[in-house]
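Engineer: Residue numbers (our numbering): 1 to 348.
The C-beta atom is built at its ideal place from N, Cα and C for all residues, glycine as well.
Following this message is one structure expressed as structure tokens.
Rendered as structure tokens:
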């Protein structure tokens with residue numbers, strides 16, 4: 001083994017021994033938090049499923065600041081397997097951050113994620129990879145026979161998925177399923193925030209990727225308890241709003257802020273015209289003022305000021321957002337387009 005290959009193995013403990021210094025075919029990323037009862041069995045199952053694939057692989061196990069013996073169980077279960085590594089975060093940053101940490105460390109041509117609670121079956125990885133080989137860029141699992149509480153888990157998830165379908169136009173039944181497979185080039189350079197990991201298929205679809213869905217099995221929890229409740233649904237909905245905004249207006253924020261500002265200025269003009277019309281309305285008699293109102297007798301002048309200031313500030317915020325986004329794209333060297341492939345004249 002060359003010195004360069006040795007350095008590669010030292011820097012990437014999860015590299016496949018069968019192909020030192022070469023990117024493995026599959027990188028599997030699993031986040032864990034307080035899952036000491038599930039960590040060991042899941043790692044054993046996943047390694048067995050990956051060996052059965054007959055491909056080079058790496059297994060990246062991310063401990064998201066667990067307060068129990070999760071890390072010790074991960075180290076014990078992966079001992080002797082040089083294609084596996086355990087990444088321990090300093091504190092709990094959340095599932096999205098843990099997945100991002102694993103993806104950043106991965107080197108595989110294909111990236112697979114699954115949950116650390118043991119409810120995903122690692123043997124389903126083969127089904128996702130088969131669908132990728134059939135032409136898909138992203139494959140999302142669908143827990144059709146989900147083994148979770150109907151009221152607190154399945155119903156909110158169903159509502160969130162329906163809303164996501166309406167907002168994004170991407171027809172996936174189960175965005176919350178952690179079992180997903182991606183071609184590396186599809187998510188290269190993507191930064192994850194909030195609960196954004198579940199929306200990666202939507203983001204990829206918006207970038208022109210082919211997204212497919214495969215039914216996968218779902219098992220009951222063997223140990224521990226779920227870390228998520230109803231409050232997670234509201235966070236997901238807010239993240240969906242952010243994602244929709246970034247997709248539609250990240251390169252043209254003035255359309256949102258400026259549009260809102262123009263609408264506010266229009267209504268400010270309408271309110272002002274109404275106030276002036278009432279001021280100039282004729283007085284029919286001492287006891288019958290009709291439509292005549294002084295400015296101090298109607299809230300319309302105050303409404304003019306409020307809407308006018310709101311409109312001007314919104315337009316200014318839109319201009320500021322335009323400057324920020326243009327600075328971001330130019331400083332990062334990010335194009336505002338995505339190229340699928342290029343065919344030269346010689347190859348046609």
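Can you confirm whether the stretch 76–96 touches the stretch 117–135 when touching is taken to mean that 3 or more C-beta pairs between the two stretches lie within less than 8 Å?
Structural biologist: no
Engineer: Go to residue 87, then tell me how far its beta strand (DSSP E) extends in each direction, as first and last residue.
Structural biologist: Within the chain shown, numbered from 1, the residue matching residue 87 stands at position 87. Counting along the chain, the beta strand (DSSP E) containing residue 87 begins and ends at 84–88.
Engineer: For residue 110, report the span of its beta strand (DSSP E) as first-last.
Structural biologist: What you label residue 110 is simply residue 110 of the chain shown in a count that begins at 1. Start and end: 110–113.
Engineer: For residue 27 versus residue 125, is the C-beta distance shorter than 8 Å?
Structural biologist: Here residue 27 is taken as the residue at index 27 of the chain shown, counted from 1. Here residue 125 is taken as the residue at index 125 of the chain shown, counted from 1. Cβ atoms of residue 27 and residue 125: not closer than 8 Å.
Engineer: If you check the beta carbons only, do residue 31 and residue 108 fall under 8 Å apart?
Structural biologist: Reading the chain shown from its first residue, position 31 is the one you call residue 31. Reading the chain shown from its first residue, position 108 is the one you call residue 108. No; because the gap between Cβ atoms is not below 8 Å, this pair is not in contact.
Engineer: Cutting at 7 Å between CB atoms, please list the residues of its own chain near residue 308, excluding the five before and the five after it.
Structural biologist: Translated into the one-based positions of the chain shown, residue 308 becomes position 308. The answer, listed in chain order, is 265, 268.
Engineer: Beta-carbon within less than 7 Å of residue 316's beta-carbon, same chain only, minus the 5 sequence neighbours each way: which residues are those?
Structural biologist: Within the chain shown, the letter at position 316 stands for residue 316. So no residue of the chain qualifies.
Engineer: With DSSP as the reference, label residue 27 as helix, strand or coil.
Structural biologist: As a working mapping, residue 27 is identified with position 27 in the chain shown. Note: residue 27 maps to strand in three-state DSSP.
Engineer: Take residue 146 and list the residues in its own chain whose beta-carbon comes closer than 7 Å to its own, dropping the five residues that flank it on each side.
Structural biologist: Along the chain shown, one-based indexing puts residue 146 at 146. Excluding positions up to five away in sequence, the list reads 154, 218.
Engineer: Suppose contacts are defined by Cβ-Cβ distances below 8 Å. Is residue 300 in contact with residue 271 by that definition?
Structural biologist: Position 300 of the chain shown, counted from the first residue, corresponds to residue 300. Position 271 of the chain shown, counted from the first residue, corresponds to residue 271. Result yes, Cβ atoms of residue 300 and residue 271 sit closer than 8 Å.
Engineer: With the cut-off set at 8 Å, would you say residue 206 and residue 247 are in Cβ contact?
Structural biologist: Here residue 206 refers to the residue found at position 206 of the chain shown. Here residue 247 refers to the residue found at position 247 of the chain shown. Yes.
Engineer: What is the rounded straight-line gap between the Cα of residue 200 and the Cα of residue 319?
Structural biologist: The residue labelled residue 200 in the question sits at position 200 within the chain shown. The residue labelled residue 319 in the question sits at position 319 within the chain shown. Using only the alpha carbons, I get a separation of about 29 Å.
Engineer: Could you give the C-beta distance for residue 121 and residue 216, rounded to a whole number, given that I count them as a contact under 8 Å?
Structural biologist: Translated into the one-based positions of the chain shown, residue 121 becomes position 121. Translated into the one-based positions of the chain shown, residue 216 becomes position 216. That pair is a contact at about 7 Å.
Engineer: Determine the burial state of residue 2: buried for a count of at least 16 other Cβ atoms within 10 Å of its Cβ, exposed for fewer.
Structural biologist: For the purposes of this step, residue 2 is taken as residue 2 along the chain shown, with counting starting at 1. Residue confidence for residue 2 is low, a pLDDT of 37 falling below 50, so the modelled location carries little weight and cannot support an answer.
Engineer: Assuming residue 163 and residue 243 make a contact with CB atoms under 8 Å, what is their CB distance in whole Å?
Structural biologist: Taking the first residue of the chain shown as 1, we reach residue 163 at position 163. Taking the first residue of the chain shown as 1, we reach residue 243 at position 243. With a Cβ gap of about 12 Å, residue 163 and residue 243 do not count as contacting.
Engineer: If you draw a straight line from the alpha carbon of residue 143 to that of residue 177, how long is it in whole angstroms?
Structural biologist: What you label residue 143 is simply residue 143 of the chain shown in a count that begins at 1. What you label residue 177 is simply residue 177 of the chain shown in a count that begins at 1. Taking the straight line from one Cα to the other gives about 7 Å.
Engineer: Does DSSP put residue 331 in a helix, in a strand, or in coil?
Structural biologist: As a working note, residue 331 is residue 331 in the chain shown. Helix, per DSSP.
Engineer: Can you tell me whether DSSP reads residue 79 as helix, strand or coil?
Structural biologist: As a working note, residue 79 is residue 79 in the chain shown. The answer is coil: DSSP assigns residue 79 none of H, G, I, E or B.
Engineer: Rounded to whole angstroms, what is the Cα-Cα separation between residue 312 and residue 170?
Structural biologist: Reading the chain shown from its first residue, position 312 is the one you call residue 312. Reading the chain shown from its first residue, position 170 is the one you call residue 170. Distance between the alpha carbons of residue 312 and residue 170: 36 Å.
Engineer: Does the separation of the CB atoms of residue 173 and residue 95 fall below 8 Å?
Structural biologist: The sequence position of residue 173 within the chain shown is 173, counting from 1. The sequence position of residue 95 within the chain shown is 95, counting from 1. Against a cut-off of 8 Å, the Cβ pair of residue 95 and residue 173 comes out as no contact.
Engineer: Would you check if the distance between the CB atom of residue 204 and the CB atom of residue 186 is smaller than 8 Å?
Structural biologist: Residue numbering aside, residue 204 sits at position 204 when the chain shown is read from its first letter. Residue numbering aside, residue 186 sits at position 186 when the chain shown is read from its first letter. Yes, the pair counts as a contact, with Cβ atoms nearer than the cut-off.
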